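First up is the structure itself, then whatever we jot down about it.
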Ligand code: HEC
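In the working numbering, the protein residues as written are 3 to 149.
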């Protein structure tokens with residue numbers, strides 16, 4: 003066997019072996035009334051936008067794509083989810099006090115307006131999560147109705 007073939011074979015074995023080191027999935031059993039979209043009675047078009055563009059990182063329920071499960075991508079995805087949830091977890095919304103909520107809502111609006119969220123590195127691969135100008139407007143207008 004040539005050196006190239008041996009090297010490729012070893013690399014392949016490594017890629018297969020690291021598949022056993024997958025992070026646990028971020029999937030809870032059920033959505034609780036503490037959830038942002040439920041607690042704030044979001045209309046269904048707003049629910050869809052948040053679920054599609056934010057919830058895979060900022061909630062207890064990630065919908066994984068097949069390629070999100072392949073290591074090392076799975077590690078990157080897991081890292082994003084942990085960091086995102088430590089800052090903002092939409093599944094625990096109702097447990098925040100109202101002053102915090104007001105602050106978070108304005109942060110959400112700013113992040114969307116400035117195209118910082120959803121993370122550009124995420125929308126590069128998950129293009130359906132990218133918000134159009136119209137969708138951003140829909141979200142922002144609804145956010146302003148929250149008391
Ligand atoms: C790919 C995962 C991912 C997606 C999708 C995503 N975020 Fe984030 N978000 C993060 C990470 C990681 C951070 C923390 C690091 C940072 O601020 O860049 C963050 C930070 C934030 C913050 C700042 C919180 C704070 O206290 O600093 C807000 C607000 C936010 N995201 C809102 C959203 C909204 C709204 C959406 C959907 C439109 C969204 N994010 C989509 C990963 C994500």
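All residues carry an ideal CB built from backbone N, CA and C; glycine is no exception. On a predicted model such as this, the values are computed, not experimentally measured, just so you know.
- Spanning the alpha carbons of residue 133 and residue 40 requires a straight line of approximately 21 Å.
- Taking C-beta atoms as the reference points, residue 57 and residue 140 fail to come closer than 8 Å.
- Two segments are said to touch when three or more pairs of C-beta atoms, one from each, lie closer than 8 Å; by this definition the segment 58 to 74 touches the segment 86 to 95.
- Under the DSSP assignment, residue 125 falls in the alpha helix (DSSP H) whose first and last residues are 122 to 127.
- With a 10 Å radius around the Cβ and a threshold of 16 neighbouring Cβ atoms, residue 42 comes out buried.
- In this structure, residue 72 keeps its C-beta atom at 8 Å or more from the C-beta atom of residue 90.
- Close CB contacts of residue 96 within its chain, under the 7 Å cut and outside five residues either way in sequence, are with 35, 36 and 41 (chain order).
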